[in-house]
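**Q** Before I ask anything, let me first share the structure, which is written out below as structure tokens.
Residue numbers (my numbering), protein chains in the order written: chain A, 1 to 409; chain B, 1001 to 1132.
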């Protein structure tokens, strides 16, 4: 692991350059986790390199989505990434706005995690575009009637608020924290709910067309983001009492959000199946009983809801990180089950058999290139997270004078 | 109509279409992966929206990477011709014309009690009418 020289703040009485040591010592649990995550990032990026070469040389021929199912793995991961970014930011909101003191030491970590998640999500959707070089058209030809246009604005505002808040934390501008956290939270709620609106406004897709979708997306994003922060705190955070208190402080939020998400899932699913209107129910039947029903029952429910509830049943800090990981896996499953089934139901009866072509089918499985590139983007996000965490020293929380150190020129 | 010079290929319109009528051009050829090489006719430039469009990834006027849809052969209609599908229909089963002209054949056909439309209840105001 490369280290850098850092000039410590003057008040420590230690002028001059001093070497940085891995946080907590080179063999501490945090340092070992950090090395493991760097290795995971490297593996992801290596895999992603293959996927990127295919994406650049073959364009969308390397992917398995088509004209009947135009969105697949990358869009599901885009939604997951930006949702988790919203939720991770909410931890900082709890610390700086709601005054949850136990979360204050990990608020900077949460902001870094939020930024990395947002970067991953936006990279996914950018790579998914048919003409990514024209992405700026979303701003240059912005329309107030476009939900996607509004999302672009919110992403930009959120990024500004996030960067400004990180700057305020780093430069210890206490007076900026609350207003920036408030502004960021407002924008966060807008884009997290707006993600649901992107799907919910489509009247042509009964599976998506519901006023609950913005609520579900916001609730899911909050859960996933808090889970991401729990994973980060459990792995790379410096060991000590503040870390323990922060993990225990995250637990009730995870439990509450798990309950809320389970309730919304139950309500949306059962109400749609009860009425049994074919256009509405067909996609739900696909989710619950189709060839990929294991994604719903195994990943979304068992891993994503039941397992974390069991892990969080008792207030044990060691289980919070594992619960966060299970929640994150379940969350990705839930987004796959949001995007694909909505498209996998034919709009017109008989259309499924009208044409015979691999792009004109209602069956979809991500291609190898899609998976490889997904690994690469996740690896990139890990690099951003670990690099920014180290640069801003957000994982060092136990020292009474813990603060981000200035970087030596 | 889709502006091929501005479409970003997000495929949101494809997801939004109630008829699965839009398609994404990912750059394929129908005759690829067949015993014969890709046929020459497929590699000729398409003539859409009055512009000659060579197939190429990331060339500005190319349709590859864009959403595409039937535009009733706008370039033929503007030249006073019928859409290609109407011209080639072996059963003479399709008609095309100006429905706002009360004396036109299509206006007369649209007034028939046999007329049906697909998913008009979604407010799509479809311009395709079926005679049952």
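No residue lacks a Cβ here, since even glycine has one placed at the ideal position from N, Cα and C.
Bear in mind the structure is a predicted one, so any value in this text is a computation, not a measurement.
#1: If I follow the unbroken alpha helix (DSSP H) through residue 335 of chain A, where does it start and stop?
#2: Using DSSP's beta-bridge definition, name the partner residues of residue 239 of chain A.
#3: Which term fits residue 1052 of chain B, buried or exposed, when burial requires 16 or more other beta carbons within 10 angstroms of its beta carbon?
#4: Quickly, what does DSSP pair residue 1051 of chain B with across the bridge? List them, please.
#5: Where does the unbroken alpha helix (DSSP H) through residue 1074 of chain B begin, and where does it stop?
#6: Using the DSSP secondary-structure output, state which residues sit across from residue 1130 of chain B in a beta bridge.
#7: Could you tell me the boundaries of the alpha helix (DSSP H) in which residue 108 of chain A lies?
#8: Based on the DSSP secondary-structure assignment, which residues constitute the bridge partners of residue 1024 of chain B?
#9: On the three-state DSSP scale, how would you describe residue 1013 of chain B?
#10: Would you tell me roughly how many angstroms separate the C-alpha atoms of residue 294 of chain A and residue 288 of chain A, rounded to the nearest one?
#11: Does the beta-carbon of residue 308 of chain A have 16 or more other beta-carbons within 10 angstroms, so that it is buried, or is it exposed?
#12: Are the beta-carbon atoms belonging to residue 319 of chain A and residue 328 of chain A less than 8 Å from one another?
#13: Within the segment 137-202 of chain A, note down every full alpha helix (DSSP H) run reaching 4 residues or more, in order along the chain.
#14: Does the count of Cβ pairs from the segment 66-74 of chain A and the segment 343-363 of chain A closer than 8 Å reach three?
#15: Give me, in chain order, the residues of the same chain whose beta-carbon lies closer than 7 Å to that of residue 1116 of chain B; leave out the 5 immediate sequence neighbours on both sides.
#16: Which of helix, strand or coil does DSSP assign to residue 1125 of chain B?
#17: Residues of chain B with a CB under 7 Å from the CB of residue 68 of chain A: which are they?
#18: Output the boundary residues of the alpha helix (DSSP H) element that contains residue 1085 of chain B.
#19: Which residues, in chain order, does the segment 140-152 of chain A contribute to contact with chain B at a C-beta distance below 8 Å?
#20: What in chain A is Cβ-close to residue 1011 of chain B, meaning under 9 Å?
#21: Along chain B, which residues have their Cβ under 9 Å away from the Cβ of residue 59 of chain A?
#22: Does any heavy atom of the ligand GDP sit closer than 7 Å to the C-beta of residue 355 of chain A?
#23: Hey, how far is the Cα of residue 1120 of chain B from the Cα of residue 337 of chain A?
#24: Pairing CB atoms from the segment 42-58 of chain A with CB atoms from the segment 367-381 of chain A, are three or more of them under 8 Å?
**A** In terms of the structure at hand:
#1: 317-343
#2: Per DSSP, none; premise fails for residue 239 of chain A.
#3: exposed
#4: B:1048
#5: 1074-1077
#6: B:1116
#7: 107-128
#8: B:1067
#9: helix
#10: 8 Å
#11: buried
#12: no
#13: 137-140, 147-170 and 174-200
#14: yes
#15: 1130 and 1132
#16: coil
#17: 1020
#18: 1084-1088
#19: 141 and 148
#20: 65, 67, 70, 71, 75, 128, 129 and 130
#21: 1026, 1027, 1057, 1058, 1064 and 1065
#22: What this structure holds is no ligand at all, so the ligand GDP is not there to describe.
#23: 29 Å
#24: yes
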